[in-house]
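Shown next, in structure tokens, is the structure this report addresses.
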Amino acid sequence: MEDLRSTAVSDDPVQRRDLILIERARDGDLDAFNDLVILYQDSLFALVVRMVPDRDQASDAVQEAFFSAYRNLRGFRGGSVKSWLNRICVNAAMDTQRAKKRRPVQPYPEFEDESWQPPAGEEADPELTAVHTERSRILTAALARITDDQRTAIVLFDVQGYDYAEIATMTGVSLGTVKSRIHRGRLSLRDLLEDRLELFRA
Amino acid sequence: MPDLHPSHDLETLLDFIDGEGPVADADALRGQIASCTECAGIVADLRALAVATRATPTPARPRDFRLTPADAARLATAGAATAAHPSHDPALVSASIDGALDAADQPVVAGWLATCAACAQLRDDLLAIVAAHRALPTPPRQADYQLSQSDAARVGRMGWRGWLARVGTSRDGLTRPLATGLTALGIVGLLISAGPLAPLGGSQTRILSTVGAAVRGPADQAVGGSNSAKSGANHVELDPGSGAVYGAASAPSPVVDTGVGPVAPVSQPAASAGALAIASPAATTADDASAPDLGSLPSTPAPVAPTLLIVSVAALLIGLVLFAARRLGRGRRAP
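Chains as they are written, first to last, in the working numbering: chain A, 6 to 207; chain B, 1433 to 1767.
Here you go:
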């Protein structure tokens, strides 16, 4: 079997740990794979739920991504396990977006859901908390109204920190298309938020 | 006094109170108010309301609205600066916040940001939106995504079992439409093959006999082969999918005997033998020299009907197999 550690950066303890878990999982150790699930399920759900605002569909996409990762353990060619899982999740989320177009559901019930809003600590300034809550609510609503492609590009670039080239590889489009989606998406957001921009300028 | 109010026009009454109604109606309205207690009450209430509204105190002016010289200078600059804004590319302003501008664009956009208030505001707004986006809270994860042993067994299946498991998942959005499409195509193709639309006047009988020729096996093929060999090059050139090949390959068989006479001798030109199979009986009695056109008919390539039949059967079978696989895959899914 290919020694994954030889093809990756071994100085990073996180990377080393992940590669060991992958190798054990490839040997049939389900617990090792589930350790990876425990390590990354929160961040992957956070990624997918921004791309697919319907939380049930996002949850299904994450589960399907882990299934896909387990099925394709032998396809892992080294490098960052987190990036590998992210790529699988982005693909699963895009599949879900495409399926959503075929079978539209009740769009984005999360808008009125308090758990989507930032938690307010006891010491928090109530006025500031209200501003943040309102800001999150209207931004989430605006994000849901731009196109899936624009939202995906913005999430990957502005939130996840991937660069244009990585996003192009992940989403299978050209560099120019990625740039266009990001910039047009931002401008669309600004148009949608035009009446409430004071909340963001504060 | 009779209550006449329901027949009175309230709108006309309101116009009268405001002094907007026609002068000619004034006397009639005064009479109406004097004779109708309800109208009189309405008029009294509205007049009191108007008086109270006029008596509402005006809040103090919060500030002096005169423009200062600084205001005037700022407005003049802003007006001049934003006048050219429509020609500025907002996508480049967006790219500037990522540091992703080409070397050629950098000074251009820097100039816009320095002199165009609208571009500067756009950049500030986009920065604020990006920051707010990064600060968006994440809703709590809904499930634990660890795989159970049964999940792993199902997902990890390789080969045809893994394919079955994947086909059976509800998220597989390809198999069902593919199976439906192939099955439908297969059925339509079969109908066309067996129907009057079959090319070259093809009929069910001809197709079935073509298939029958193929099914009869190597014995007939061997006979046909010998016939072909005996009849020379013309026979070999006959289309195997047409009636001609049937006539050629199965000439000795009683099936080919149309009842108008024996099959043409093997020394007869192949074209005539082919015509015997599909043309009218009259053609079989015609002199070879007098029926050159009939002889050319079977030599026309006509593989479409059998090809369509084969493709249709294949599509139908693949579609049905996909349906069955989907059903089996679902049955194999772990609970």
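Glycine included, each C-beta is placed from N, C-alpha and C at the ideal position.
For clarity, every value in this text was computed on a predicted model and none was experimentally measured.
I need the boundaries of the alpha helix (DSSP H) containing residue i, first residue and last residue.
i                    : result
phenylalanine 1448/B : 1442-1449
valine 164/A         : Run containing valine 164/A: none; DSSP gives neither H nor E here.
serine 1528/B        : 1522-1529
asparagine 39/A      : 35-56
proline 131/A        : 131-150
valine 1562/B        : 1549-1566
proline 18/A         : 18-31
tyrosine 75/A        : 60-76
leucine 1478/B       : 1469-1487
leucine 1617/B       : 1607-1626
aspartate 1583/B     : 1581-1587
glycine 190/A        : 180-197
leucine 202/A        : 202-206
Can you find a C-beta in chain A that's less than 9 angstroms from the C-beta of residue i?
i                 : result
alanine 1560/B    : yes
histidine 1520/B  : no
leucine 1545/B    : no
aspartate 1557/B  : yes
valine 1405/B     : Residue 1405/B lies beyond the range of chain B shown here (1433 to 1767); nothing can be said about it.
histidine 1565/B  : yes
alanine 1575/B    : yes
leucine 1610/B    : no
glutamine 1581/B  : yes
threonine 1607/B  : no
alanine 1542/B    : no
isoleucine 1446/B : For the sequence presented, residue 1446/B should be read as leucine rather than isoleucine. Output row for leucine 1446/B: interface = no.
glutamine 1578/B  : yes
aspartate 1530/B  : yes
alanine 1527/B    : yes
proline 1539/B    : no
alanine 1536/B    : no
alanine 1523/B    : yes
alanine 1584/B    : yes
threonine 1488/B  : no
Contact criterion: CB-CB distance below 9 angstroms. Does residue i meet it with respect to chain B?
i                : result
isoleucine 151/A : no
serine 178/A     : Note that residue 178/A is valine in the sequence shown, not serine. Not an interface residue.
isoleucine 187/A : yes
isoleucine 25/A  : no
arginine 22/A    : no
leucine 44/A     : no
aspartate 154/A  : no
arginine 140/A   : yes
tyrosine 167/A   : no
isoleucine 93/A  : no
isoleucine 172/A : no
leucine 35/A     : yes
leucine 161/A    : no
lysine 184/A     : yes
glutamate 115/A  : Its pLDDT being 49, under 50, glutamate 115/A is placed unreliably in this model, and the coordinates cannot settle the point.
arginine 60/A    : yes
aspartate 47/A   : yes
glutamine 111/A  : Summary for glutamine 111/A: the model assigns pLDDT 47, below 50, so the residue's position carries little reliability, and this model does not support an answer.
asparagine 96/A  : no
alanine 146/A    : no
alanine 51/A     : yes
valine 19/A      : no
Touching or not, the stretch 1448-1458 of chain B and the stretch 191-199 of chain A, by the rule of three or more beta carbon pairs under 8 angstroms?
no
Please identify, using Cβ separations under 7 angstroms, the residues of the stretch 67-91 of chain A that lie next to chain B, in order along the chain.
Val67, Gln68, Glu69, Phe71, Phe72, Tyr75, Arg76
Is the stretch 1608-1627 of chain B close to the stretch 87-103 of chain A, with three or more CB pairs under 8 angstroms?
no
Residues in the stretch 190-205 of chain A with C-beta within 8 angstroms of chain B's C-beta atoms, listed in sequence order?
Arg191, Leu192, Leu194, Arg195, Leu198, Leu202, Phe205
Contact between the stretch 1470-1482 of chain B and the stretch 1492-1502 of chain B is defined here as three or more beta-carbon pairs at a separation below 8 angstroms; is this criterion met?
no
Name, going along the chain, the residues of the stretch 1448-1474 of chain B whose beta-carbon falls closer than 9 angstroms to a beta-carbon of chain A.
none
With three or more beta-carbon pairs closer than 8 angstroms as the criterion, would you say the stretch 1564-1571 of chain B touches the stretch 15-32 of chain A?
no
Are there three or more Cβ pairs, one per stretch, closer than 8 angstroms when the stretch 166-181 of chain A is compared with the stretch 73-81 of chain A?
no
Can we say the stretch 1552-1560 of chain B touches the stretch 155-164 of chain A, given the rule of at least three CB pairs closer than 8 angstroms?
no
Between the stretch 164-175 of chain A and the stretch 1534-1545 of chain B, do at least 3 Cβ pairs fall closer than 8 angstroms?
no
So does the stretch 27-43 of chain A actually touch the stretch 1575-1585 of chain B, counting three or more Cβ pairs closer than 8 angstroms?
yes
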